[in-house]
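Residue numbers (this note's numbering): 206 to 949.
Where a beta carbon is used, it is the ideal one built from N, C-alpha and C, also for glycine.
One structure below.
Right, dumping it as structure tokens:
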């Protein structure tokens, strides 16, 4: 009996070296797609990585690396994933520094060449000086354009590097010929024009654009690195009744781990002994530390605040929640298609078309040009290549992006790359985290409620604030900092019961502050009106602290995570733009309902985990929506990475800001609708720029080829062709600068 045996496949994400443009990513994909044993391949140029699904029985990673080495690329095959990412980071940093030096070097030579060509063209030996200055721009600072163009040509491909190499190379060679042999043209009654300045400036402009792109990409690995930094390097474990310090990577399931005050938790587990409060805000997004007693779960990357405890390791290494978040963020970033390189796609068609026109022009003039056939053939074919020079194409997107990013910064928006500006105007669904996004992200006193006819309120309040100032609990700190600091108050007999409350004496009076159970244990008589008010406040999703003095309840203190002043207006603006607004929170349903009602959001989910947030974003995307996710914590990072547009609040965690493509610097949510409008205007400007970049070619190339010569004898001079090319660049830059005056 025959059975079909399916191959056992493996999926792995690997750093790729040697990629310099989106065309390179396409080449890597193409090479591996046609390699036996490779099932699926996705290459992300933005984070310089490839996700490969392959059959290890057919091909190994080393063999795949050898395939790529043959075309100038490669995999980083380190035993440890962390080591591979570190090595990739070092390579990227070295490449950025080298690119910066090349850009500065090219500019230092190209700018003088441009000045000489524009203002001192009749100076003695000026052509020789320009030739000497331009040569190193091409062969030293711009050599990668020619190398990459050759790599593409070997595989019958073309991209922007092909255009740059062809136009600058031919312009330089033609100008060199005219410099060394000017009599060839003089004897034919023509002026031997040179185009050294065009060749040099094009190289400089394109290098500058690549430098800006590399700077934008340089931080793509920061988010993952900072997530990894949440895990401590060493940890104390108890083995065979002995305490020992080992590497966090050596922790095994079942190990008893000792955690002291202020230490990070290395792996997932369950508390065995002790009691403490753990700051899980980076995982849950909630501002209040979670109480940890025997049996409670603890998670890697969270921070122990006070007290110490031991826990049994249940998940280690890649099994922890933190490791899963790291892996999910990495996969979500890698699975996104690279930002569409419209110019590169057009160039793939544009280059062969221009080459064909240039060759056809040369051939037609040779066959039908009469006695000056060769002269006209050379001039017209070079004019075609010069006027088709990609300078304006190279400037079309970066200039608009640069101005758009600057405009965003003026309006408290930090925009990381072109992708976020390209996609933002299409957003039709916004998912908002609650804590730190709609709310301030920290507990604040919302009100003091006193027993009827209670006197000396200021005295009591000062005493309560002084006693709470002795406690390390976050709620106590919120009470202690509420109001202006008055005269110093002496506290004696201070006592703290973890998780319940505090007590102390001020001016001979004993105050008890904490939970109702704590006050009851301290024999405090409750006030019925205050108990009724407490129930109302709790129903409104506020935290309530009771205050007793000399055996009687005298007040309750209400605390809440307050809404930001602009949250309501921001939600209304988004809804007026026809955008559906959703709220997700790890908080309880009662609090979520209250906050949603206050800001005017009808769609919300409570008690959601990080994975749930990402799944919700996926669900909206499956319905065809373009989703923007706005958050501020590590718990939001998976959803941020999955969303079409990821937006972080500026006062949130570093990881959220690194994953996100856009950061609202002042944490003012009103900046979000402005960002969406800015996106629409910027994208419109890019399209206009591309139109102007091409309109000169559409009109100029036929003129350069000599289509009007049979009609009226008009033949476009290469110098005029160069001027038209320069004019297209000026038009593109000027159009981009109009964004500065845009009102958001």
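Three-state secondary structure (DSSP) of residue i
| i | result |
| --- | --- |
| residue 465 | coil |
| residue 757 | strand |
| residue 657 | coil |
| residue 710 | strand |
| residue 619 | strand |
| residue 665 | helix |
| residue 301 | helix |
| residue 325 | coil |
| residue 810 | strand |
| residue 946 | helix |
| residue 787 | strand |
| residue 644 | strand |
| residue 537 | Low confidence applies to residue 537: its pLDDT is 46, below 50, so where it sits in the model is not reliable enough to give any reading. |
| residue 585 | helix |
| residue 828 | coil |
| residue 342 | helix |
| residue 243 | strand |
| residue 260 | coil |
| residue 333 | helix |
| residue 402 | helix |
| residue 378 | helix |
| residue 213 | coil |
| residue 936 | helix |
| residue 424 | The pLDDT assigned to residue 424 is 45, lower than 50, so where the model puts this residue is not dependable; a value taken from the coordinates is nonetheless given after this. It is coil, neither helix nor strand. |
| residue 312 | helix |
| residue 436 | coil |
Cβ pair residue i, residue j closer than 7 Å
| i | j | result |
| --- | --- | --- |
| residue 705 | residue 717 | no |
| residue 830 | residue 633 | yes |
| residue 621 | residue 879 | no |
| residue 890 | residue 605 | yes |
| residue 805 | residue 835 | no |
| residue 518 | residue 462 | yes |
| residue 894 | residue 937 | yes |
| residue 822 | residue 797 | no |
| residue 321 | residue 335 | yes |
| residue 653 | residue 760 | yes |
| residue 921 | residue 588 | yes |
| residue 224 | residue 272 | no |
| residue 408 | residue 342 | yes |
| residue 267 | residue 214 | no |
Continuous alpha helix (DSSP H) stretch holding residue i: start and end
| i | result |
| --- | --- |
| residue 892 | 876 to 910 |
| residue 917 | 914 to 917 |
| residue 352 | 348 to 359 |
| residue 695 | No alpha helix (DSSP H) holds residue 695; DSSP gives it neither H nor E. |
| residue 867 | That residue, residue 867, is in no alpha helix (DSSP H); its beta strand (DSSP E) goes 867 to 869. |
| residue 683 | 679 to 685 |
| residue 777 | 772 to 781 |
| residue 801 | 794 to 804 |
| residue 388 | 388 to 391 |
Start and end residues, beta strand (DSSP E) containing residue i
| i | result |
| --- | --- |
| residue 443 | 439 to 444 |
| residue 447 | 447 to 452 |
| residue 716 | 714 to 719 |
| residue 518 | 514 to 520 |
| residue 268 | Unbroken run through residue 268 is the alpha helix (DSSP H), 266 to 274; no beta strand (DSSP E). |
Residues bridged to residue i [DSSP beta-bridge criterion]
| i | result |
| --- | --- |
| residue 833 | 635, 850 |
| residue 495 | 483 |
| residue 509 | 483 |
| residue 765 | 649 |
| residue 255 | 219, 248 |
| residue 280 | 221 |
| residue 473 | 520 |
| residue 751 | 719, 761 |
| residue 730 | 757 |
| residue 502 | 475 |
| residue 702 | 706 |
CB-CB length for residue i against residue j, believed under 8 Å
| i | j | result |
| --- | --- | --- |
| residue 764 | residue 650 | 6 Å |
| residue 659 | residue 758 | Contact doesn't hold; Cβ gap of about 10 Å is too wide. |
| residue 315 | residue 405 | 4 Å |
| residue 478 | residue 499 | 6 Å |
| residue 792 | residue 640 | 7 Å |
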